[in-house]
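Numbering (numbering that gives the first Met the number 0), first residue to last: 0 to 362. Every residue gets a Cβ at the ideal spot worked out from N, C-alpha and C, and that includes glycine.
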Amino acid sequence: MIAYALRRIMLMIPTLLAIMVVNFFIVQAAPGGPIDQMIARLKGSEISATERVSSSGGGEIKGSSSAGEAQYRGARGLDPAFIKELEKQYGFDKPPLTRFLLMMKNYLTFDLGTSFFRDRRVVDLIRDKLPVSISIGLWTTLITYLISIPLGIRKAVRDGSRFDVWTSGVIIVGYAVPSFLFAVLLIVLFAGGSYLSIFPLRGLTGDNWVLMDWPHRVLDYLWHIALPIAALVIGGFATLTMLTKNCFLDEVNKQYVLTARAKGLTEHRVLYGHVFRNAMLLVVAGFPAAFIGILFTGSLLIEVIFSLDGLGLLGFEAAINRDYPIMFGALYVFTLIGLVLKLISDLTYMLIDPRIDFERRAA
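Set out below in structure tokens:
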């Protein structure tokens with residue numbers, strides 16, 4: 000297992016590098032850039048997307064001046080020396096490859112740079128926002144497991160019954176509809192959209208949260224996360240429920256279950272004393288992978304919809320403002336967390352079920 004873990008850790012390096020390379024050069028080719036954003040702010044107007052024309056150097060266009068020099072859209076009338084100063088300030092006076100190598104060198108020591116427009120170190124911003132995203136991911140994963148495992152077991156026990164059929168229909172709907180659409184529906188129904196106004200529309204805590212005592216702080220926190228967590232759970236419990244059901248059905252048909260029943264054991268003892276332990280191996284070992292899926296997909300959009308001050312909202316605002324240090328810093332941290340959790344997931348499989356041997360399969 001140690002050799003397998005070391006190999007996986009070594010493979011993380013080229014994987015992380017490849018992800019950063021692809022995203023870096025895609026962003027460089029995207030219209031608009033930090034300098035265009037700053038020029039628009041200084042001139043008091045936003046630049047439309049159709050007006051943003053950039054090159055790999057970060058938003059430059061050629062041939063827009065009589066001297067044939069590069070000039071940014073919206074920069075006409077500004078001092079060229081001032082534009083050069085902006086380029087130097089944001090690091091765009093260097094070629095893209097040089098900027099990328101310098102960025103990755105700093106990332107090795109977790110020096111993620113400073114935000115262009117927030118005037119704060121990116122590592123400090125991520126450290127402040129990461130607990131919110133992890134909190135949402137953990138709550139969602141925990142509640143999803145608490146719902147999916149009992150439901151999957153009951154579906155397996157009553158396979159083919161009316162209960163199994165109509166719950167399967169609900170599961171299919173939950174799987175087919177994205178979580179952000181459920182979030183919008185919950186807002187319309189319960190957050191003052193068109194019907195009831197029971198839950199708050201945005202934020203993780205109330206305005207007077209710091210003035211509350213601890214019991215009321217906990218209640219206020221749970222009141223605010225009710226709708227976001229509900230939206231993520233509704234859209235995420237389908238796969239785990241069907242996995243639990245299929246694992247139980249697979250174990251129920253094995254010889255040791257028939258032997259246990261032949262010995263006169265009660266059905267409850269057979270299911271929860273023998274079948275449950277073996278059927279839950281893959282389900283329990285998949286906890287890190289399930290957490291990755293929730294953290295990296297639905298929760299990002301949910302944070303934006305409910306204005307939750309997590310990494311998803313931070314990354315969304317950074318993408319809109321072309322705040323490259325935050326964009327690449329958040330991508331680096333997210334990718335690193337995902338790779339580590341994936342490794343933990345595989346090692347958990349090996350610890351829980353000795354029959355699984357990734358080293359032998361790799362050989």
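When you compare each of the options to residue i by their alpha carbons, which one comes out closest?
| i | options | result |
| --- | --- | --- |
| L299 | K262, I133, A175 and S167 | I133 |
| P30 | R268, D249, Y331 and R321 | R321 |
| N22 | E302, I148, R6 and G328 | G328 |
| S172 | F305, P149, T238 and L226 | Checking the sequence shown, residue 172 turns out to be Val, not Ser. It is T238. |
| I18 | S344, A80, I343 and V332 | V332 |
| P177 | W213, A39 and V232 | V232 |
| Q27 | L226, L257 and L96 | L96 |
| F91 | I301, G272, I125 and D35 | D35 |
| N245 | V274, K262, A39 and I25 | V274 |
| I224 | R201, R157, P214 and W213 | R201 |
| H267 | G191, A175 and R153 | R153 |
| M102 | P79, D158 and F24 | F24 |
Given residue i, which residues of its chain have a CB within under 6 Å of its CB, disregarding the five upstream and five downstream residues?
| i | result |
| --- | --- |
| G112 | V121 and P324 |
| A317 | I325 and M326 |
| A66 | Its pLDDT being 32, under 50, A66 is placed unreliably in this model, and the coordinates cannot settle the point. |
| I8 | none |
| G205 | D219 |
| I343 | P287 |
| W138 | I228 |
So, under 8 Å CB-CB, residue i and residue j are touching, yes? Tell me the CB distance rounded to an integer number of Å.
| i | j | result |
| --- | --- | --- |
| M11 | L330 | In fact, because the Cβ distance is near 15 Å, the residues do not count as touching under 8 Å. |
| T243 | I170 | About 11 Å; that fails the 8 Å criterion. |
| F181 | G234 | 6 Å |
| K128 | L313 | 5 Å |
| M363 | L100 | Limits of the chain in this structure are 0 at one end and 362 at the other, which puts residue 363 out of reach. |
| L280 | M0 | The Cβ separation is near 16 Å, so there is no contact. |
| F247 | G168 | The pair is not a contact, with the Cβ atoms about 20 Å apart (cut-off 8 Å). |
| L363 | L226 | Any answer about residue 363 is impossible in this case: the structure gives the chain only from 0 up to 362. |
| L107 | R117 | With a Cβ gap of about 23 Å, L107 and R117 do not count as contacting. |
Whose C-beta lies closer than 8 Å to the C-beta of residue i among residues of the same chain, with five residues either side of it excluded?
| i | result |
| --- | --- |
| L145 | none |
| F109 | V122 |
| V20 | F99 |
So for residue i, helix, strand or coil by DSSP?
| i | result |
| --- | --- |
| R120 | strand |
| S178 | helix |
| T97 | helix |
| G67 | Because the pLDDT of G67 is 29, which lies under 50, any placement of that residue in the model is unreliable, and the question is left without a value. |
| A190 | strand |
| T113 | strand |
| S160 | coil |
| S196 | strand |
| A2 | helix |
| E87 | Here the sequence assigns Lys to residue 87, which means Glu is not the residue at that position. Here K87 sits in helix by DSSP. |
| I167 | Looking at the sequence shown, residue 167 is not Ile but Ser. Correct three-state label for S167: helix. |
| F236 | helix |
| M211 | coil |
| K128 | helix |
| F286 | helix |
| P227 | helix |
| L242 | helix |
| A29 | coil |
| L15 | helix |
| T140 | helix |
Quick one: what's got a C-beta closer than 7 Å to residue i's C-beta in the same chain, skipping five residues either side?
| i | result |
| --- | --- |
| V131 | L203, L307, D308 and G309 |
| L195 | L188 and F189 |
| F315 | V303 |
| I197 | F189 |
| G285 | S344 |
When you compare the CB positions of residue i and residue j, do they come within less than 8 Å of one another, or not?
| i | j | result |
| --- | --- | --- |
| F115 | P33 | yes |
| W208 | R216 | yes |
| I142 | I228 | yes |
| L16 | L335 | no |
| V251 | A155 | yes |
| V269 | A259 | yes |
| F236 | S160 | no |
| F179 | I319 | no |
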